[in-house]
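Residue numbers (this note's numbering), protein chains in the order written: chain A, 7 to 578; chain B, 52 to 318.
In this text, a Cβ means the ideal position worked out from N, Cα and C, and glycines have one as well.
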């Protein structure tokens, strides 16, 4: 029997052009189907249609026929449809309604009218299934992101639905949290549940996915078994959707005439398949990156320690010593709780260290006034929506410079330059909340970059962005560093972006710096990085296993190592 | 630091009491503070009770005490100078203006200040030791509609999240060079509050839509749809100790009222 059947489905929000059209999708019972596509292509909308949220909760023009577990979603109420499946979305905070974990997991069963004893058994079963019985009596807001999302999974699993609809459940989690949740999803798949999932980390769910559906230009572009994905590299590249790095490497090598089999996403297994493959010589070149790390120091961190006040009393930073040069893009990486955000907040003066100093161009940042700090150290917070203060977009961008004492014409001139670079000038008269998430993220960066602080700190600049948007943001940050001479400090979990764009990286673990240097060097220390749950990009990990010199940092690098450098690249 | 008025999540005698018992205790305690002439004693007694019976030391809620202190001092000062009556312990004249600090004013001011402090502290005790859903569900047991009780409890669950968001927004405002929220100038402070309200309000609207959808998907309306009544997983019922404490509260309160009416001891 089919769990989900969509026939000729289309959808348009009121007064807008159709977002989806001609969708034909069938998901059989027990199948695991991944939906991928660029940001804004309608992945979440498609899941909302499958869940009956459209048309019951979100209105619009829905066409075609939608059947979920034999029910026509138009003809049943949302409560009745939803009683048969579990849903998990991106932000666990929006899916936890109770204070205690046990109450949260039991809530769905209470609503279904289960007897108390039955609910107790369901609760135990769900907590055991996701290996979280130890969280039973914990308060939900005290849990880590990964724990919260596993509680949400358990709460959805407890009433024993056969179908799960998962909308990018790991996108807001750190590596360890994502791994915990993915382990839960793997268990669900192994137990025979039907799963339809939007997941940006395709390599992480590679082994459990049966089919991959590529969504683009409002409809299904491709619907293929997972093992045939590498045959469709062009379609993925065109849709700006990354394939797992090593799967892409295999496809590109074959295209360049190198005889390699289809590569799995796992570096260990891929290395085994590539051991005998001939490697091409690498031309020596001085990269832009090594030049930037030789610049004069702009930020110096001396013996920095920070302890949170009671009752928390966590030693978030312990004797951190770092130097960040001018004109460099520096990544700060590490699992949640490793001290990344505390370090960034000490650097920006938002937190006063318990011990030690932070100097920006020789001046102690904590002795600066609020204005002087804002002028010297720009801080872009993770959630762009927390930083929108004015309407329209242009007014929001000039808010900072005007606060710092710039005249309106000066502020407008500076804003135009930055906004054009960030592709925001055309939308300057819109309300900021009418921009996409990517647009709002760029707006947050523009609003700080326009103040031209010598140091720019950005917390997770690419969360929720697709491949092209992430690259555009990182390219802009590199430009700010190179052309405006800023020191850009990026807190991120996206190691492929660190490898591709950053000059230096600092890995933090339990408040200490365990590695600092160019990514090419730091990523060699896999054992050390494992302590803070940082994994090098798959191509670099492959390079570590095969002893490739220098280590490839991008798929392009890896292709060059095996197939040789194309003439245009060598000529650069 | 734990946000103010947030459930502490411990297990203690006070935590285990039924919310209704604690509510009756809090109301009785407040009324008692108006009946006895030594409200400061009740204030300090409550701090000791929270520490001893709930295991929450003042270090965990000192921001509340710090917040109360200037209010209590202000109330006392106002009464010192406004309540007339000998003996006066300080006076000064500035032209025609004569100010004098009276001892009865000091006592009245201290009394009111500590009563206010006791009121705040009693509510803190209730909030820190009562799990909001237990509170909501006991109200449901006493007849409040389920959705009202649940939403009430959920609002409390959401409070620390909003408080956290507010702190981030404050920092973001500083990062844009605005010090409005730290300003003592109301012409700067209030526009700063309005500016902060934009991201906070819009964020709350977005969040509430997502939450409403998630609740619907988890079956909030299922009992109405199917006619199958909801069965609460946790039993909410009064234990003998709850009944005993409630009875004690009522008896002590009644005893004090009678004593005050019939004897001069508490006047």
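Chain A residues whose Cβ lies nearer than 9 Å to that of residue i
i                      : result
residue 272 of chain B : 83, 84, 85 and 117
residue 306 of chain B : Neighbours of residue 306 of chain B on chain A: none; closest Cβ ~37 Å, over 9 Å.
residue 212 of chain B : 99 and 147
Cα-Cα separation between residue i and residue j, rounded to whole angstroms
i                      : j                      : result
residue 558 of chain A : residue 208 of chain A : 21 Å
residue 148 of chain B : residue 133 of chain B : 13 Å
residue 130 of chain B : residue 139 of chain A : 57 Å
residue 566 of chain A : residue 284 of chain A : 12 Å
residue 63 of chain B  : residue 145 of chain A : 16 Å
residue 601 of chain A : residue 58 of chain A  : It is not possible to answer for residue 601 of chain A, since the shown part of chain A is limited to 7 through 578.
residue 551 of chain A : residue 528 of chain A : 15 Å
residue 505 of chain A : residue 16 of chain A  : 40 Å
residue 103 of chain A : residue 194 of chain A : 23 Å
residue 191 of chain A : residue 379 of chain A : 44 Å
residue 578 of chain A : residue 77 of chain A  : Bear in mind that the predicted position of residue 578 of chain A carries a pLDDT of just 39, short of 50, making it unreliable; the figure below should be weighed with that in mind. So the alpha carbons of these two residues sit roughly 60 Å apart.
residue 605 of chain A : residue 175 of chain A : Since the displayed chain A opens at 7 and closes at 578, residue 605 of chain A lies outside it and no answer follows.
residue 236 of chain A : residue 257 of chain A : 6 Å
residue 407 of chain A : residue 419 of chain A : 11 Å
residue 71 of chain B  : residue 136 of chain A : 35 Å
residue 324 of chain A : residue 311 of chain A : 4 Å
residue 39 of chain A  : residue 91 of chain A  : 15 Å
residue 271 of chain A : residue 259 of chain A : 15 Å
residue 69 of chain B  : residue 342 of chain A : 37 Å
residue 23 of chain A  : residue 368 of chain A : 55 Å
residue 308 of chain A : residue 329 of chain A : 9 Å
residue 280 of chain B : residue 162 of chain A : 20 Å
residue 501 of chain A : residue 530 of chain A : 13 Å
residue 166 of chain A : residue 129 of chain A : 11 Å
residue 510 of chain A : residue 332 of chain A : 12 Å
residue 160 of chain A : residue 91 of chain B  : 49 Å
Residues bridged to residue i (per DSSP)
i                      : result
residue 213 of chain B : According to DSSP, residue 213 of chain B bridges with nothing at all.
residue 142 of chain B : B:151
residue 13 of chain A  : A:71
residue 171 of chain A : A:93 and A:202
residue 207 of chain B : In the DSSP output, where bridge partners are listed per residue, residue 207 of chain B has none listed.
residue 130 of chain A : BP columns for residue 130 of chain A are empty, so no partner.
residue 229 of chain A : A:219
residue 5 of chain A   : A query on residue 5 of chain A cannot be resolved here, the shown segment of chain A reaching from 7 to 578 and no further.
residue 515 of chain A : A:518
residue 145 of chain A : A:106
residue 385 of chain A : A:463
residue 18 of chain A  : A:67
residue 306 of chain A : A:329 and A:365
residue 32 of chain A  : A:11
Closer than 7 Å at the beta carbon, the chain A residues around residue i
i                      : result
residue 249 of chain B : 394 and 395
residue 194 of chain B : Chain A residues near residue 194 of chain B: none, gap ~19 Å exceeds 7 Å.
Within chain B, the residues that residue i reaches when beta carbons sit closer than 8 Å
i                      : result
residue 457 of chain A : 227 and 228
residue 354 of chain A : 226
residue 377 of chain A : 228 and 230
Within chain A, partners of residue i - CB distance below 8 Å
i                      : result
residue 106 of chain B : By Cβ distance, chain A contributes nothing, its closest Cβ being about 12 Å from residue 106 of chain B, past 8 Å.
residue 279 of chain B : 118 and 119
residue 118 of chain B : In chain order: nothing, as chain A lies at least about 16 Å away.
Cross-chain neighbours of residue i in chain B, by beta carbon under 9 Å
i                      : result
residue 391 of chain A : 250, 253, 254 and 257
residue 74 of chain A  : Within chain B, no residue comes near residue 74 of chain A; the closest Cβ sits about 12 Å away, beyond 9 Å.
residue 59 of chain A  : 264, 267 and 268
Amino acids of chain B, ordered along the chain, whose beta-carbon sits closer than 7 Å to that of residue i
i                      : result
residue 372 of chain A : The contacting residues do not exist; residue 372 of chain A stays about 13 Å from chain B at best.
residue 122 of chain A : 282 and 284
Proximity test, residue i beta-carbon vs the ligand SAH heavy atom, cut-off 7 Å
i                      : result
residue 505 of chain A : Although the ligand SAH was asked about, the structure shown includes no ligands whatsoever.
Determine, using beta-carbon pairs with one atom in the region 158–167 of chain B and one in the region 182–200 of chain B, whether at least three such pairs fall under 8 Å. No, because fewer than three Cβ pairs between the region 158–167 of chain B and the region 182–200 of chain B fall closer than 8 Å, the two stretches do not touch.
In chain order, which alpha helix (DSSP H) runs of at least 4 residues are fully inside the region 389–470 of chain A? Runs of the alpha helix (DSSP H) inside the region 389–470 of chain A: 399–409, 414–427 and 443–455.
Across the region 449–465 of chain A and the region 366–385 of chain A, are there enough close Cβ pairs to call them in contact, namely three or more that are closer than 8 Å? Taking a cut-off of 8 Å on C-beta distances, the region 449–465 of chain A touches the region 366–385 of chain A, as three or more cross pairs fall below it.
Cβ contact check for the region 436–449 of chain A and the region 394–402 of chain A: 3 or more pairs under 8 Å: Yes, they touch.
For the pair the region 536–554 of chain A and the region 270–285 of chain A, tell me if three or more CB-CB distances fall below 8 Å. Between the region 536–554 of chain A and the region 270–285 of chain A there are three or more inter-stretch CB-CB distances shorter than 8 Å, so the stretches are counted as touching.
For the pair the region 355–375 of chain A and the region 525–539 of chain A, tell me if three or more CB-CB distances fall below 8 Å. At 8 Å Cβ cutoff, the stretches do not touch.
Cβ contact (3+ pairs, closer than 8 Å) linking the region 304–317 of chain B and the region 81–96 of chain B: With the cut-off at 8 Å, the region 304–317 of chain B and the region 81–96 of chain B touch.
Examine the Cβ distances between the region 264–271 of chain B and the region 115–127 of chain A and report whether three or more of them are shorter than 8 Å. Per the Cβ contact rule, the region 264–271 of chain B is in contact with the region 115–127 of chain A (3 or more Cβ pairs under 8 Å).
How about the region 166–173 of chain A and the region 200–216 of chain A: do they share at least three Cβ pairs that are nearer than 8 Å? These segments touch.
Examine the Cβ distances between the region 187–196 of chain B and the region 275–293 of chain B and report whether three or more of them are shorter than 8 Å. The region 187–196 of chain B, when compared against the region 275–293 of chain B, does touch it at the 8 Å Cβ threshold.
Are there three or more Cβ pairs, one per stretch, closer than 8 Å when the region 238–251 of chain B is compared with the region 79–86 of chain A? Judged by pairs of C-beta atoms under 8 Å, the region 238–251 of chain B does not touch the region 79–86 of chain A, as fewer than three such pairs exist.
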